[in-house]
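Participant: Here the protein sequences line up with chains A and B, keeping their order. Numbering follows our numbering, with no gaps: position 62 of the first sequence is 88. Numbering follows our numbering, with no gaps: position 117 of the second sequence is 143. The beta-carbon is built from N, C-alpha and C at its ideal position, and this holds for glycine as well. Computed from a predicted model, the values in this text were never measured in an experiment. Structure provided below as structure tokens; questions to follow.
There are 2 protein chains.
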Amino acid sequence: MNKSTLGLILFALCTGISCSNQQSINTEKAKMEKTESQNDGAIFPKGEKAPADYFTGTVYLQMLAQKTESNDYSIGSVTFEPGARSYWHKHPAGQTLIVINGKGLYQEKGMPVRTINKGETIVCNPDVEHWHGASPESQMTHIAITNDRGDGGVVWLTRVTDDQYNAAGR
Amino acid sequence: MNKSTLGLILFALCTGISCSNQQSINTEKAKMEKTESQNDGAIFPKGEKAPADYFTGTVYLQMLAQKTESNDYSIGSVTFEPGARSYWHKHPAGQTLIVINGKGLYQEKGMPVRTINKGETIVCNPDVEHWHGASPESQMTHIAITNDRGDGGVVWLTRVTDDQYNAAGR
Chain A
27 MNKSTLGLIL FALCTGISCS NQQSINTEKA KMEKTESQND GAIFPKGEKA
77 PADYFTGTVY LQMLAQKTES NDYSIGSVTF EPGARSYWHK HPAGQTLIVI
127 NGKGLYQEKG MPVRTINKGE TIVCNPDVEH WHGASPESQM THIAITNDRG
177 DGGVVWLTRV TDDQYNAAGR
Chain B
27 MNKSTLGLIL FALCTGISCS NQQSINTEKA KMEKTESQND GAIFPKGEKA
77 PADYFTGTVY LQMLAQKTES NDYSIGSVTF EPGARSYWHK HPAGQTLIVI
127 NGKGLYQEKG MPVRTINKGE TIVCNPDVEH WHGASPESQM THIAITNDRG
177 DGGVVWLTRV TDDQYNAAGR
């Protein structure tokens, strides 16, 4: 099993029906965190913690829709706590991000880092290496529409180091 | 030119670059309305009024992303004022709705009306006749991800009459 397949399986474990089953056995503390998230005006629950193998810091994933016969994409809401970010990665068929809360950072390989804000849409073209996450001082939530045309939605690469992140966040 | 082609052209006139150009010549009143919309915590501007040929009541459309080489969908944020709704219509390749504010109504032909709330995702399968809109007492905003695989994103049908809407809204 290669690394990208493993990544997809780890993601799948946090999603859909598996996710609902997991929620039912959550601790009271986790339930309280979710309630707080809903009460502070958030549109979606924060969801489950995203796997530490592909994210640095605290990141939550709430799946909103699975790939279907007519939709060759899945949709999730991803919340990054301040300072948290994805690993470098690429999408074989591309991805669209819609920032719905907070302020974040987005960088494509070889390009300057961009600040991304609530209300912005970012189109990630196929096979472009990039990372995204929260800014150092603010949480960031985006909807991610990830195309998957049979070769998987994501290929995970290397960690965004503290040096890379700190340089970007300045 | 058939009716669905005309509908798509009317929609296109409210989107993308045309939309930006139109915004620059908006009246001060319209600018103030948009600012109010942004100040009340909305994620996106309300956008431009959707064409009265396909919507009943006051509906706004803000395009978020156009179809690209890798994304065979467009994305828009649609805001329905209380009582407003689409005409009956269908999508040749389907559509996904994500409710981001308020409370609305959704009905597929021959099925009971459904109440849809902030945080809900609705998958509209290809060629299923349906309509959606706000509830009588509440505004509703949804993101619409509309698949378009070369045969257009939407086929417009008949008006949702007041009788149909009032029966649904009870």
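Between the beta-carbon of Ala160 (chain A) and the beta-carbon of Glu95 (chain A), is there less than 8 Å?
Facilitator: Translated into the one-based positions of the first sequence, residue 160 (chain A) becomes position 134. Translated into the one-based positions of the first sequence, residue 95 (chain A) becomes position 69. Against a cut-off of 8 Å, the Cβ pair of Glu95 (chain A) and Ala160 (chain A) comes out as no contact.
Participant: On a Cα-Cα basis, can you pick out the residue from A:Ala110, A:Thr84, A:Ala193 and A:Gly120 that is closest to Gly178 (chain A)?
Facilitator: One-based indexing of the first sequence puts residue 178 (chain A) at position 152. Gly178 (chain A) has its Cα closest to that of A:Gly120, out of A:Ala110, A:Thr84, A:Ala193 and A:Gly120.
Participant: Applying the 10 Å Cβ sphere with the 16-neighbour rule, what's the burial state of Gly102 (chain A)?
Facilitator: Here residue 102 (chain A) corresponds to residue number 76 of the first sequence, with the count starting at 1. Result: buried.
Participant: On the three-state DSSP scale, how would you describe Tyr86 (chain A)?
Facilitator: For the purposes of this step, residue 86 (chain A) is identified with residue 60 of the first sequence, where counting begins at 1. In this structure, Tyr86 (chain A) counts as strand in the three-state DSSP scheme.
Participant: Among all the DSSP beta bridges, which residues are the ones paired with His22 (chain A)?
Facilitator: Because residue 22 (chain A) is not part of the residues shown, which for chain A are 27 to 196, the question remains open.
Participant: Among the residues of its own chain, which have a CB less than 7 Å from the CB of Ile69 (chain A), if the five just before and after it don't count?
Facilitator: As a first step, residue 69 (chain A) is located in the first sequence; it is residue number 43 there, counting from the start. Counting only residues of its own chain and dropping the five nearest sequence neighbours on each side, Ile69 (chain A) has a CB closer than 7 Å to the CB of Ile126.
Participant: Using a threshold of 7 Å, is the CB atom of Gly159 (chain A) nearer than that to any non-hydrogen atom of the ligand GTP?
Facilitator: Among the ligands in the structure shown, none appear at all, so the ligand GTP cannot be discussed.
Participant: Would Thr82 (chain B) and Arg185 (chain B) qualify as a contact pair, given that the criterion is a beta-carbon distance under 8 Å?
Facilitator: As a working mapping, residue 82 (chain B) is identified with position 56 in the second sequence. As a working mapping, residue 185 (chain B) is identified with position 159 in the second sequence. For Thr82 (chain B) and Arg185 (chain B), yes; Cβs fall inside 8 Å.
Participant: Using only the alpha-carbon positions, how far apart do Lys135 (chain A) and Asp98 (chain A) sit?
Facilitator: Position 109 of the first sequence, counting from 1, holds the residue named residue 135 (chain A). Position 72 of the first sequence, counting from 1, holds the residue named residue 98 (chain A). Pairing Lys135 (chain A) with Asp98 (chain A), the inter-Cα distance amounts to about 26 Å.
Participant: Where does Lys75 (chain B) land, buried or exposed, given buried means 16+ other C-beta within 10 angstroms?
Facilitator: The residue you call residue 75 (chain B) lines up with position 49 of the second sequence. It counts as exposed.
Participant: Distance, Cα to Cα, Ile169 (chain A) vs Thr147 (chain A)?
Facilitator: Residue numbering aside, residue 169 (chain A) sits at position 143 when the first sequence is read from its first letter. Residue numbering aside, residue 147 (chain A) sits at position 121 when the first sequence is read from its first letter. Approximately 9 Å between the Cα atoms of the pair.
Participant: Return the residues of the region 87-100 of chain A that lie within a Cβ-Cβ distance of less than 7 Å from chain B, sorted by chain order.
Facilitator: Leu90, Ala91, Thr94, Ser96 and Asn97
Participant: Which word fits Asp174 (chain A), buried or exposed, when buried means at least 16 other C-beta atoms lie within 10 angstroms of its C-beta?
Facilitator: One-based indexing of the first sequence puts residue 174 (chain A) at position 148. Looking at its Cβ environment, which holds 16 or more other Cβ atoms inside 10 Å, Asp174 (chain A) is buried.
Participant: At a Cβ threshold of 8 Å, is Thr187 (chain A) touching chain B?
Facilitator: Within the first sequence, residue 187 (chain A) is the residue found at index 161, counting from 1. No, Thr187 (chain A) does not count as interfacial toward chain B.
Participant: Helix or strand or just coil, what does DSSP make of Asn143 (chain B)?
Facilitator: Within the second sequence, residue 143 (chain B) is the residue found at index 117, counting from 1. In the structure shown, Asn143 (chain B) sits in a strand (DSSP, three-state: E or B).
Participant: Could you have a look at Ala91 (chain B) and say whether DSSP puts it in helix, strand or coil?
Facilitator: Position 65 of the second sequence, counted from the start, is the residue given in the question as residue 91 (chain B). In this structure, Ala91 (chain B) counts as strand in the three-state DSSP scheme.
Participant: Any C-beta of chain A within less than 8 Å: which residues of the region 160-186 of chain B qualify?
Facilitator: Ile169, Ile171 and Asn173
Participant: Give the range of the beta strand (DSSP E) segment to which Tyr99 (chain B) is assigned.
Facilitator: As a position in the second sequence, residue 99 (chain B) is number 73, starting the count at 1. It spans Tyr99 to Phe106 - the beta strand (DSSP E) in which Tyr99 (chain B) sits, taken as one unbroken run.
Participant: For Leu123 (chain A), write down the residues that DSSP places opposite it in a beta bridge.
Facilitator: Residue mapping note: residue 123 (chain A) aligns to position 97 of the first sequence, counting from 1. DSSP lists A:Ile148 and A:Ala170 as partners of Leu123 (chain A).
Participant: If you draw a straight line from the C-alpha of Gln165 (chain B) to the C-alpha of Leu183 (chain A), how long is it?
Facilitator: As a working note, residue 165 (chain B) is residue 139 in the second sequence. As a working note, residue 183 (chain A) is residue 157 in the first sequence. Going from the Cα of Gln165 (chain B) to the Cα of Leu183 (chain A) covers about 43 Å.
Participant: Based on the DSSP secondary-structure assignment, which residues constitute the bridge partners of Phe81 (chain A)?
Facilitator: As a working mapping, residue 81 (chain A) is identified with position 55 in the first sequence. Paired residue(s): A:Ser112.
Participant: I think Gln71 (chain B) touches His117 (chain B), with their Cβ atoms under 8 Å apart; what is that distance to the nearest whole Å?
Facilitator: Looking up residue 71 (chain B) in the second sequence gives position 45. Looking up residue 117 (chain B) in the second sequence gives position 91. The sequence shown places Pro at residue 71 (chain B), not Gln. At roughly 25 Å, the Cβ-Cβ gap does not stay under 8 Å, so Pro71 (chain B) and His117 (chain B) are not in contact.
Participant: For a cutoff of 8 Å on Cβ pairs, would you count Phe106 (chain B) as touching chain A?
Facilitator: In the second sequence, the residue the question calls residue 106 (chain B) occupies position 80. The Cβ of Phe106 (chain B) sits no closer than 8 Å to any Cβ of chain A.
Participant: Taking the Cβ atom as the reference point for each residue, do His115 (chain A) and Tyr132 (chain A) lie within a distance shorter than 8 Å?
Facilitator: Walking along the first sequence from the start, residue 115 (chain A) turns up at place 89. Walking along the first sequence from the start, residue 132 (chain A) turns up at place 106. In this structure, Tyr132 (chain A) does not lie closer than 8 Å to His115 (chain A) by Cβ.
Participant: Would Ile171 (chain A) and Thr122 (chain A) qualify as a contact pair, given that the criterion is a beta-carbon distance under 8 Å?
Facilitator: The residue you call residue 171 (chain A) lines up with position 145 of the first sequence. The residue you call residue 122 (chain A) lines up with position 96 of the first sequence. A contact, by the Cβ cut-off of 8 Å.
Participant: Determine the burial state of Thr167 (chain A): buried for a count of at least 16 other Cβ atoms within 10 Å of its Cβ, exposed for fewer.
Facilitator: Taking the first sequence and counting its residues from 1, one reaches residue 167 (chain A) at position 141. With 16 or more other Cβ atoms within 10 Å, it is buried.
Participant: To the nearest angstrom, how far is the alpha carbon of Pro162 (chain A) from that of Ala193 (chain B)?
Facilitator: Here residue 162 (chain A) is taken as the residue at index 136 of the first sequence, counted from 1. Here residue 193 (chain B) is taken as the residue at index 167 of the second sequence, counted from 1. Taking the straight line joining both Cα atoms gives about 51 Å.
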